[in-house]
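Structure first, commentary second.
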Amino acid sequence: MKCEEIREQMFELMTAEAPLAPEVHQHLTGCPACTAELAEMKQTMALMDEWQAPEPSPFFDTRLKALLREEKAKAAEKKVSIFDWFRKPAMAAAAALALVIGAGVYGTIQIRDKQNPGNPQVVASDPVIQDLQTLDKDQEVINNFAALDDDPTNDDQSAGTAE
150 MKCEEIREQM FELMTAEAPL APEVHQHLTG CPACTAELAE MKQTMALMDE
200 WQAPEPSPFF DTRLKALLRE EKAKAAEKKV SIFDWFRKPA MAAAAALALV
250 IGAGVYGTIQ IRDKQNPGNP QVVASDPVIQ DLQTLDKDQE VINNFAALDD
300 DPTNDDQSAG TAE
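FYI, in our numbering the residues of the sequence shown are 150 to 312.
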């Protein structure tokens, strides 16, 4: 046998209670390196078997639970997102309903504008614009202004004041 094969079987050789195979025994008697390595591993395993784990502190569980609570709180703070409320079915349904209503209102306005292409209503905050819009609606006032424009006596008076 070769040293490589012995090293691959080292753990089995160390824990085997049965006698070693003749080939393995012959190699170990003839190879001091493999014999020394096997002896060192047996010694290490014996030390590991003797080792006793220390008792944990009586406050270990309490401290561990406190640390876990802190980590959960930190994780919860970090996971806050704008779209978290979409994960709740009621909120998602409300958002979908709002979109449907908005689309319906928009569609209704578009249809109404196509059916009634008259003068669009412009709401103006300037009083001059409001007066002009009122005049556009009042045909009688417009006719009176047109009559004033046609009146020749009015032209003389306006010409005299312009000078």
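Just so it is clear, CB atoms sit at the ideal spot from N, CA and C, and this is done for glycine as well.
With respect to the C-alpha of glutamate 154, the residue from Cys183, Asp285, Glu189, Ala245 having the closest C-alpha is Cys183.
In this structure valine 290 touches leucine 284 by the C-beta definition: roughly 6 Å separates them, less than 8 Å. The beta carbon of methionine 150 sits closer than 7 Å to those of Glu172, Val173, His176, all from its chain and outside the five residues before and after it, given in chain order. Phenylalanine 294 carries a helical assignment under DSSP once its states are collapsed to helix, strand and coil. Lysine 237 sits in coil when the DSSP states are folded into three classes, being neither helix nor strand. Secondary structure of proline 203 (DSSP, three-state): coil.
Here leucine 217 is exposed: its Cβ has fewer than 16 other Cβ atoms, across all protein chains shown, within 10 Å. Taking C-beta separations shorter than 7 Å and ignoring five residues to either side along the sequence, aspartate 198 has no partners in its chain. Note on the stretch 165 to 221: whole alpha helix (DSSP H) runs with a minimum of 4 residues are 171 to 179, 181 to 199, in chain order. Lysine 286 and leucine 246 have their C-alpha atoms roughly 40 Å apart. Methionine 159 is a Cβ neighbour of glutamate 186, given a cutoff of 8 Å. For lysine 286, the uninterrupted alpha helix (DSSP H) run begins and ends at 276 to 286, by DSSP.
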